[in-house]
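Residue 1080 in my numbering sits at position 365 of the sequence shown, with consecutive numbering throughout.
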Amino acid sequence: MPEQIRSLVLWVPDWPVVAVRRERAKPSAPESTPGTTGGDSAAGDSAAGDSAARDDASGDGRTTPDPDPEPDPALLLEAEPPLAVIEKNLVVACSATARAEGVRRGQRRRDAQGHCPRLELVPADAARDHRAFSPLVSAVEQLAPHVQVVRPGLCALKARGPARYYGGESAAAETLRAALVAQGIVDVRVGIADGPFTAEQAARAATRADDPIRIVPPGRAGDFLAPLPVTALLDSASGGQGETDLAHLLARLGVHTLGAFAGLEVDRVRERLGERGVHLQSLAAGADSRTVEPRTPPPELHREVVFDPPVELAEQAAFGMRVAAEEFIARLDAERLVCTELRVELWGDRGERSERVWLHPGTFDGSAVVDRVRWQLAEEQEFRSGVTRVRISPEAVDAAAHHVVGLFGAGEREKVHHALSRVQAILGHRGVVTPVVGGGRWLEERQVLVPWGDRATTPGDPSRPWPGSLPAPLPTTVYPRPRPAEVRDGWGQRVTVDERGMLSAAPVDVAVEGARRAVVSWAGPWPVVEREWDAVRRRVAHRFQIVDAAQEAWLLVHEADGWHAEAKYD
């Protein structure tokens, strides 16, 4: 049997729920981000291993902004509303209050809401789970390096180094658990055993209040795993359809526990389930030959400047950020990276906080970073007091090799980018804009001007159907403010349109801003109806295309017994 490595697993139950609440309860001031530790902490070896990718929610995990350890669980149960995280219309995690009202992992959305009508549903977000878990892993690495992130909410490391450094496995488990509790995590469970699989099952077997640490003695992994159900393999394997089918197959064969599965003949298992089945059988027997594969901690790329006393002007804050911005870009250069999306966070001396992600059509340099800080301060009207802290961090990075200037110089696109960026730096963020076609029924709302470098987002989705919208070809001149118009019939009376879209008479002449001309041809009406159910915001209008004697084509709108020109066909 291969040598088994003593492993220590830290598990936070219901991590997707915990991540949601930690994101919502972000403090108004930034937390310090711990880095990696050196040789003074507990040491451990690194080797190959595999990681699981399936979330589990068989316990209860909560967050609290109070760093004091272990608040009363009963008070938390009353204070927190029921919450569930949904993916593909199924519950993947739920809070203790939701579980107390009958919500379970794997339930359909409608069934969960039937058990708990006041249940709050939040879509699953893997990026959010990883982002919230990263500071906790960094906190563990301060005390014991070489941590493997199995999945958000679950991490593992070799137990030998921490046990020797802190005076035993139990003391090491208490120390690492206390580090996560100090980060505001109420429910943290620890398992130590031979191999990561058994250690994870030990952590799941630990209870929240009575015994959050479960240690399986060396050589007793098989005895510990024997009474557990075969579904335990789903939590630590890939969690895919293959393992689900395996669990159902073993149940039909009368194999309900890991001990019974481990007792089957290896040759029979290989014939029926292949090498994958043999591997899972070895896990069930406690013969886990895997080792912990530590992660490589990400480099600290953010920079932060504290102003004491606070600065009052945007130019002062921007000037104070120049050195930090150059260091920020230099650190990225050292990692052979470039920043394409920049997060800027500002704090005021009265508790104000501003956070925004800025985009760049190319890559950020030091001056571009300083410009974004200045623009954000200029656009934030709530910052009436001084600025006490500014933090810049990369939201998205790319390999520097993808942005190297070509052998024969930059192309026309790159020249345009540099020219517009220089003009924008002089005129401000909204000094250079590009047009984007948005969604809507009216031509004015379909014209969206996006600041240079920002992501092209529109209020309405242009791909959706907009009943009443004007089809192509569209007019070339759209008036920001509709121009007054008048359409008359052969008796000199104003042409009107009734509720059924019928004209009072055929148009004979048209006047736009006083210039009256005869109508050569016309087409319409095309109704535009918005919010017909809303008595206050209801809008009903009719469009017409009219060509006058000067061969000018107009897009006219009749609304509330009046006429106006929406656009002109040039």
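C-beta atoms are modelled at their ideal positions from N, C-alpha and C, and glycine is treated no differently.
- Task: Look at the Cβ atom of V1102, then the Cβ atom of R1037, and state whether they are nearer than 8 angstroms.
- Result: no
- With which residues is Y1284 paired in a DSSP beta bridge? A1268
- Task: Consult DSSP for H861 and reduce its assignment to one of helix, strand or coil.
- Result: coil
- Item | Reduced DSSP secondary structure (H/G/I, E/B, other) of D902 | coil
- Secondary structure at P749, three-state DSSP: helix, strand or coil? Residue placement at P749 cannot be trusted, given a pLDDT of 38 that sits under 50; what the coordinates show is reported in the next sentence. Three-state result, P749: coil.
- Is it the case that the CB of D1064 approaches a heavy atom of the ligand PLP more closely than 7 angstroms? The model depicted lacks the ligand PLP and carries no ligand whatsoever.
- Using the Cα positions of E816 and H830, report the straight-line distance between them to the nearest angstrom. 6 angstroms
- Find the nearest neighbour of P1151 within the set A1140, E1041, W1157, L1164, judged by alpha-carbon distance. A quick correction: the sequence has Val, not Pro, at residue 1151. Answer by Cα proximity: L1164.
- Task: Would you check if the distance between the CB atom of W1073 and the CB atom of R1104 is smaller than 8 angstroms?
- Result: no
- Item | Whole-number beta carbon distance between R819 and P796, since they are thought to touch under 8 angstroms | So it is not a contact: roughly 18 angstroms between Cβ atoms.
- Simplified DSSP state of I907, which is helix, strand or coil: strand
- Apply the 10 Å Cβ neighbour rule to G1207 and answer buried if 16 or more other Cβ atoms are within range, or exposed otherwise. exposed
- With burial defined as no fewer than 16 other Cβ atoms inside 10 Å of the residue's Cβ, what is the status of D1285: buried or exposed? exposed
- Query: Is the region 894–906 touching the region 917–927, taking contact as three or more C-beta pairs under 8 angstroms?
  - Reply: yes
- Measure the CB-CB distance between A947 and Q916 and report whether it falls below 8 angstroms. yes
- Proximal residues to A1029 (C-beta, below 6 angstroms), its chain only, five neighbours per side dropped: R1089, L1092, A1093
- Message: Under DSSP, the beta strand (DSSP E) around D1048 begins and ends at which residues?
- Response: Not the beta strand (DSSP E): D1048 falls in the alpha helix (DSSP H), residues 1037–1049.
- Task: Alpha carbon to alpha carbon, how far is D1249 from A1221? Give it in angstroms, no decimals.
- Result: 32 angstroms
- Tell me I801's beta-bridge partners as DSSP assigns them. V806, P838
- Where K1130 falls: helix, strand or coil (DSSP): helix
- Among residues of its own chain, excluding the 5 on either side of H1132, which ones have a beta-carbon nearer than 8 angstroms to its beta-carbon? P1076, G1077
- Item | Distance between A1116 and G754 (C-alpha atoms, nearest Å) | The predicted model places G754 with a pLDDT of 36, which falls under 50 and marks its position as unreliable; any figure quoted below should be read in that light. Near 34 angstroms, if we compare the C-alpha coordinates of A1116 and G754.
- Three-way DSSP call (helix, strand, coil) for V724 in this model: strand
- Query: Apart from the five residues on each side of it in sequence, which residues of its chain come closer than 7 angstroms, Cβ to Cβ, to E884?
  - Reply: A874, A878, I907, I930
- Item | Three-state secondary structure assigned by DSSP to T946 | coil
- Query: By how many angstroms is the C-alpha of A1040 removed from the C-alpha of L1057?
  - Reply: 11 angstroms
- For F848, which of helix, strand or coil comes out of DSSP? helix
- Since L1271 contacts V1202 with CB under 8 angstroms, what's their CB separation in whole angstroms? 7 angstroms
- Using 8 angstroms as the Cβ pair cut-off and three pairs as the minimum, do the region 860–871 and the region 997–1009 touch? yes
- Exposure of D1003, with buried meaning 16 or more beta-carbon neighbours within 10 Å: buried
- Message: Could you pull the DSSP bridge partners for G1063 from this structure?
- Response: V1102
- Query: For L895, is the classification buried or exposed, using 16 other Cβ atoms within 10 angstroms of its Cβ as the cut-off for buried?
  - Reply: buried
- Using the C-alpha atoms, what's the distance from E1060 back to E1070? 4 angstroms
- Item | Collapsed DSSP secondary structure at T1055 in the structure displayed | strand
- Query: Near H1257, what residues of its chain come up, given a Cβ to Cβ distance below 8 angstroms and the 5 sequence neighbours on each side ignored?
  - Reply: V1212, G1216, G1239, P1240, W1241, P1242, V1243, V1272, H1273, E1274
- Message: Is the beta carbon of S1108 closer than 8 angstroms to that of L1189?
- Response: no
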